[in-house]
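Visitor: Protein sequences, first through last, are from chains B and S. If you're matching positions, the first sequence starts at 1 in this note's numbering and goes up one per residue. If you're matching positions, the second sequence starts at 340 in this note's numbering and goes up one per residue. First the structure, which I've put down as structure tokens, then a few questions once you've had a look.
There are 2 protein chains.
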Amino acid sequence: MTIHDVAARAGVSAATVSRVLNGKTVVREETLQQVLAAAEALCYVPNVAARSLSIRRSQTIGIVLPDVHGEFFSEVIRGIDVAARRTGYHILVSGSHSDAGEMLEVLAAMRGRVDGLVVMAPDVSHASLHRSLPSGLPLVLLNSTDNGRDAITIDNYGGAQAMTRLLAELGHSRIAFIKGPAQNADARERLRGFRDAMNGLGLTVSRRLELAGSFTEESGHAAALKILKTKPRPTAIFAANDSMAVGALAALAESGVVVPSQMSVAGFDDIPIARYVAPPLTTIRVDIADLGRRAFGLLLGAIERPAFAAAGRRDRIATTLIIRKSCCSPEIRKKGEES
Amino acid sequence: MTIHDVAARAGVSAATVSRVLNGKTVVREETLQQVLAAAEALCYVPNVAARSLSIRRSQTIGIVLPDVHGEFFSEVIRGIDVAARRTGYHILVSGSHSDAGEMLEVLAAMRGRVDGLVVMAPDVSHASLHRSLPSGLPLVLLNSTDNGRDAITIDNYGGAQAMTRLLAELGHSRIAFIKGPAQNADARERLRGFRDAMNGLGLTVSRRLELAGSFTEESGHAAALKILKTKPRPTAIFAANDSMAVGALAALAESGVVVPSQMSVAGFDDIPIARYVAPPLTTIRVDIADLGRRAFGLLLGAIERPAFAAAGRRDRIATTLIIRKSCCSPEIRKKGEES
DNA sequence: TACCTCGATGTAAGCGGTTACATCGAGACG
DNA sequence: CGTCTCGATGTAACCGCTTACATCGAGGTA
């Protein structure tokens, strides 16, 4: 079932069929109808590989993600997918990479298959990224601190500062922070925002109150248990993402510590379930789907108007503080202890 | 940068380069090294579109999903992606379809781009699915009750029965059920399992205790509030998926109803956060990533050995009961009421 | 030496589209 | 009536790779 079959049935040449189907040039109305009828009758669907080869475009963009935890991952894909389909693009996805080498390999395999790439590679060094990326290919980086490439970043720094200030305003001074993976750019920025805000507020940040974490519920759970053993016990926990905050919440519940009266807990991301845990989580909202959407927008610009594609454009996603029930003033906690 | 450039640099023909790169036929060791060196020096990467066109294979499979809620969605993709990459396949994803028509359109657009399809279309009628699917294309259906096609299903019926029996054994007789979308095949099977188990146990199933739901937290939240108003009040809630159970848990907490002592709550799916809500959710585990993995396995079989591809093979994923803290005997509740 | 075999490599015809250019017929115009 | 213009359509080259088949040279055999 090729374009020639359609051409034969319609009594025209393959070129005319192509013209009708692409609608770029003028065709006589009568001819047009014949071709359309023939295509319809034959259930003709163009072969995408052939077209890609010919026009040197695949109408597909690649998405390369690390092994990100569930909700974030799917939201990014959804955001890109919706935007992409609106403009007739398809998406080729590759996630869950155990290591950087594997990710680079995937990147290579996408060559020729995609018109552009959205890459989220918090762990891959800039140097090796640059080396393995087909240089001509439009590219948008997600959450990377790399310069010289188009990139979308989340205002991690500002968000972390806002949350820290909120906790301080509530009266907390001993605030524990559960960190994300050390190589992760988002995690680093959140930590930096926390530290700077603490310092700016004249509060001391003790390294003992900065716990290791890996963005998973398990690590948040473990970190919270450690925090409970610290003397003097902190009055608030700020986790670098919601998953860890959820894990911490579970650990506190198991230990009989009431949130927020005995311990305030804050997260980051505002993943869908954040409002359904008990108590609903105070967090920093990041519109993850919008992140994907804008990444695609930037990429599309680079693909369709290569001339305008000034490498190094940066788009920053704002964050907003979402106050729910998991944080309150430490005074209330004292009351709780008295009773 | 084409195969001819490499050929020129290595002083051989394009055919030889192709042979070296594909390793299918014998090439003299010396020639092989020269070609490899040339390819390396030129950073040559084959053009996938050209290769696909030539061998009529794209080494890519398409995944078409409805707009599924976060965790399930990403787990399925992850399962398929991991399995696919192991065998050198790529995945083309399309999710979040607002309606069946849009989904069919996407299906058409994937023609020629993929070697096979994994489709999860609980809402699309079998008839229209069959019509719009390129007939020659290998296909695996996910969670569909359709016959005559390869398909993977979850043992929704058995799982729902097991959970219902557990609740009955604990002593519950007034059990409310929060349903999923009416058109969703999984949801229907879970409801059927619940009803049959209830009947088998000699318990009455009142339509008033079967609440509408849509697999979202919000709908679970709303349903739980309605359940609390029912007289006599049920002693247990069985939600058709975890997301709704989480929503119900939040509604109960807001209303001051203690789980499990005053109300037992059970879910279905065992999504990652199920163990981190308060109290940890008793649920039915479905290995979602495995679902994806096996779907790919079935598809791969159909692609690589079309002769063996007996349409209509069915693979059923078993479910297991996961007992956590959200369910207990209703007796304890009475005690709670007495105190 | 003539002939055959066989392994390594080159040649060229596709794969299914797109598109620059050629062609052709019909009015417009002098 | 000859020529020019212009719109509609056909022709054929090309996109980059694979592969059946042709070719070629070396070694084996009679």
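For each residue, glycine too, the CB sits at the ideal point set by N, CA and C.
Can you look up H172 of chain B in the DSSP assignment and give me helix, strand or coil?
Guide: Of the three classes helix, strand and coil, the one that applies to H172 of chain B here is coil, per DSSP.
Visitor: So for F72 of chain B, helix, strand or coil by DSSP?
Guide: Three-state DSSP puts F72 of chain B in a helix.
Visitor: Output, in sequence order along the chain, the residues in the region 603-630 of chain S whose CB is closer than 9 Å to any CB in chain B.
Guide: The region 603-630 of chain S vs chain B, Cβ under 9 Å: I610, P611, I612, R614, Y615, V616, A617, P618 and P619.
Visitor: Could you run through the region 381-395 of chain S and flag, in chain order, every residue whose CB is less than 8 Å away from some CB of chain B?
Guide: Against chain B - using a Cβ distance shorter than 8 Å - the residues of the region 381-395 of chain S are V384, P385, N386, V387, A388, A389, S391 and L392.
Visitor: Along the chain, where does the beta strand (DSSP E) that runs through D489 of chain S open and close?
Guide: Its beta strand (DSSP E) spans residues D489 to I493.
Visitor: Pop quiz: I416 of chain S and I402 of chain S are said to be a contact at Cβ under 8 Å. What is the actual Cβ separation, rounded to whole angstroms?
Guide: About 7 Å; that satisfies the 8 Å criterion.
Visitor: According to DSSP, simplified to helix, strand and coil, what is A578 of chain S?
Guide: A578 of chain S falls in the strand class under three-state DSSP.
Visitor: The alpha helix (DSSP H) spanning G62 of chain B covers which residue range?
Guide: Looking at the DSSP string, G62 of chain B is not in any alpha helix (DSSP H); the run it does join, the beta strand (DSSP E), is T60 to V64.
Visitor: Using the Cα positions of I514 of chain S and A251 of chain B, report the straight-line distance between them to the nearest angstrom.
Guide: So the two alpha carbons sit approximately 30 Å from each other.
Visitor: Have a look at S74 of chain B and P66 of chain B and give me their C-alpha separation to the nearest angstrom.
Guide: Using only the alpha carbons, I get a separation of about 12 Å.
Visitor: Which word fits N361 of chain S, buried or exposed, when buried means at least 16 other C-beta atoms lie within 10 angstroms of its C-beta?
Guide: Exposed, since its Cβ has fewer than 16 Cβ neighbours within 10 Å.
Visitor: Would you say I661 of chain S reaches chain B, if we count a Cβ-Cβ gap shorter than 8 Å as a contact?
Guide: It does not: the Cβ of I661 of chain S has no partner Cβ on chain B nearer than 8 Å.
Visitor: Can you find a CB in chain S that lies within less than 8 Å of the CB of L137 of chain B?
Guide: Not an interface residue.
Visitor: Does L249 of chain B come within less than 8 Å of chain S when only Cβ atoms are used?
Guide: Judged by the 8 Å Cβ criterion, L249 of chain B is in contact with chain S.
Visitor: Only counting the same chain, and skipping five residues up and downstream in sequence, which positions put a Cβ closer than 8 Å to that of Y496 of chain S?
Guide: Only E528, R529, R531, G532 and D535 meet the Cβ criterion.
Visitor: Could you check how far apart the C-beta atoms of S329 of chain B and L170 of chain B are, in whole angstroms? I think they sit under 8 Å.
Guide: 5 Å between Cβ atoms; contact.
Visitor: Quick one: grab the DSSP three-state call for D270 of chain B.
Guide: The answer is coil: DSSP assigns D270 of chain B none of H, G, I, E or B.
Visitor: Which residues in the same chain have their Cβ closer than 6 Å to the Cβ of D269 of chain B, if we skip the five residues on either side of it in sequence?
Guide: So the list reads N241, D242 and V286, once near-sequence residues are dropped.
Visitor: Going by DSSP in three states, L480 of chain S sits in which element: helix, strand or coil?
Guide: The answer is strand: DSSP assigns L480 of chain S an E or B state.
Visitor: Would you identify the three-state DSSP class for G427 of chain S, choosing helix, strand or coil?
Guide: Coil at G427 of chain S, not helix or strand.
Visitor: Please list, in chain order, the chain S residues whose beta carbon lies closer than 8 Å to that of A108 of chain B.
Guide: Going along chain S in sequence order, the residues near A108 of chain B (Cβ under 8 Å) are V384.
Visitor: When you compare only the Cα positions, how much space is there between A605 of chain S and E210 of chain B?
Guide: Roughly 36 Å separates the two Cα atoms.
Visitor: On the DSSP bridge list, what partners appear for R624 of chain S?
Guide: According to DSSP, which records beta bridges pairwise, R624 of chain S is partnered with S:D608 and S:T659.
Visitor: Cβ atoms of S665 of chain S and L506 of chain S: under 8 Å apart, would you say?
Guide: Contact: no.
Visitor: Within its chain, find whatever has a CB closer than 8 Å to the CB of A423 of chain S; leave out the 5 residues flanking it on each side and keep chain order.
Guide: The residues are I400, H429, I430 and F635.
Visitor: Give the secondary structure of G362 of chain S by DSSP, where H, G and I count as helix, E and B as strand, and everything else as coil.
Guide: Here G362 of chain S sits in coil by DSSP.
Visitor: Quick one: any contact between the region 511-525 of chain S and the region 541-559 of chain S, if contact means 3 or more CB pairs under 8 Å?
Guide: Yes, the region 511-525 of chain S touches the region 541-559 of chain S.
Visitor: Taking the alpha-carbon positions, what's the G418 of chain S to I627 of chain S distance?
Guide: About 7 Å.
Visitor: Can you check whether the CB of R57 of chain B is closer than 8 Å to the CB of D115 of chain B?
Guide: Against a cut-off of 8 Å, the Cβ pair of R57 of chain B and D115 of chain B comes out as a contact.
Visitor: Could you check the C-alpha separation between L299 of chain B and L107 of chain B for me, to the nearest Å?
Guide: If I take the Cα positions, the gap works out to 16 Å.
Visitor: Can you pull the chain S neighbours of S58 of chain B, defined as C-beta to C-beta under 9 Å?
Guide: Those within 9 Å of S58 of chain B in chain S are V387, A388 and R452.
Visitor: Between the alpha carbons of D81 of chain B and T555 of chain S, how many angstroms are there, rounded?
Guide: Using only the alpha carbons, I get a separation of about 21 Å.
Visitor: Among B:R28, B:V45, B:K24 and B:P306, which one has its Cα closest to the Cα of D5 of chain B?
Guide: Answer by Cα proximity: B:V45.
Visitor: Applying the 10 Å Cβ sphere with the 16-neighbour rule, what's the burial state of E40 of chain B?
Guide: Its Cβ having fewer than 16 others within 10 Å, E40 of chain B is exposed.
Visitor: Along the alpha helix (DSSP H) that carries G559 of chain S, what are the first and last residues, could you check?
Guide: Segment E556 to K568, the alpha helix (DSSP H) holding G559 of chain S.
Visitor: If you reduce the DSSP assignment to three classes, tell me which class E338 of chain B lands in.
Guide: At E338 of chain B the pLDDT is 41, less than 50, meaning the model places this residue with poor confidence; the figure from the coordinates comes in the next sentence. Helix, per DSSP.
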